[in-house]
Amino acid sequence: MSNIPHSTQLRKKLPSNFKDCSQDDLLIMISRMLISLINMNDSLPLPSSQNLTRFHSRAPPLISVYDYLNRLTKYNSLENSILLTSIYYIDLLTSVYPNFNLNSLTVHRFLLTAITIGSKGLCDFFCTNKHYAKIGGVTINELNILEIEFLSKLDWKVVPKNI
1 MSNIPHSTQL
11 RKKLPSNFKD
21 CSQDDLLIMI
31 SRMLISLINM
41 NDSLPLPSSQ
51 NLTRFHSRAP
61 PLISVYDYLN
71 RLTKYNSLEN
81 SILLTSIYYI
91 DLLTSVYPNF
101 NLNSLTVHRF
111 LLTAITIGSK
121 GLCDFFCTNK
131 HYAKIGGVTI
141 NELNILEIEF
151 LSKLDWKVVP
161 KNI
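All letters in the sequence shown, in the order written, are residues 1 to 163 by full-length UniProt numbering.
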């Protein structure tokens, strides 16, 4: 959490509809939530090698969750609805994919894939996979594989209900 801007460490009242938050506040809120989830899940034993998912990296990336989410948002011109949809995808994916657990080894690939899919599913204009892969620090082939895995697990149901 040390990379989250210090001036935002104080409590702040946010709108009850999170899509109406400033994007900076939303990034901080989502990052804090993800960090809490990661801290909890990192204490669980890793699955055996045959149960690892395509989202698992060999080691945690050096970039913090906040900085990575900020990078994805900045260079993809993301709307708040896409950021919120990526959080929705955590519940959706974990309910249909028992081997998936959001932790320090999966969070970066998950966020990149969720933002890629959310943008394509909800926005009139979105970037190419080549662009998303470059911003996310993976190869286009890896992003394509992650996207197919994600979509197949969700049975292609990527639009949240009651948006």
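Every residue gets a Cβ at the ideal spot worked out from N, C-alpha and C, and that includes glycine.
#1: Out of T116, S86, P61 and F126, state which residue places its alpha-carbon closest to the alpha-carbon of N144.
#2: N80 and Q23 look like a contact to me (Cβ under 8 Å); what is the Cβ gap, rounded to whole Å?
#3: Assuming N103 contacts N51 under a Cβ cut-off of 8 Å, what Cβ separation, rounded to an integer in Å, is found between them?
#4: Looking only at C-alpha atoms, which of H56, C21 and S152 sits nearest to L111?
#5: Under 8 Å, with one C-beta from each stretch per pair, do the segment 82-92 and the segment 133-142 reach the 3-pair mark?
#6: Rank L154, P47, T106 and N101 by C-alpha distance to the C-alpha of G118 and give the top, closest one.
#7: Alpha helix (DSSP H) containing H56: first to last residue?
Checking against the coordinates, here is how it stands:
#1: Selected option, being the one with the closest Cα: T116.
#2: With 8 Å as the limit, N80 and Q23 qualify as a contact, their Cβ atoms being about 6 Å apart.
#3: No, N103 and N51 are not in contact; Cβ-Cβ is about 13 Å, not under 8 Å.
#4: For the options H56, C21 and S152, the alpha carbon positioned closest to that of L111 is the one of H56.
#5: Using a C-beta cut-off of 8 Å, the segment 82-92 makes no contact with the segment 133-142, since fewer than three inter-stretch Cβ pairs fall below that distance.
#6: Residue L154 is the option with its Cα nearest to G118.
#7: Bounds of any alpha helix (DSSP H) do not take in H56, whose DSSP letter is neither H nor E.
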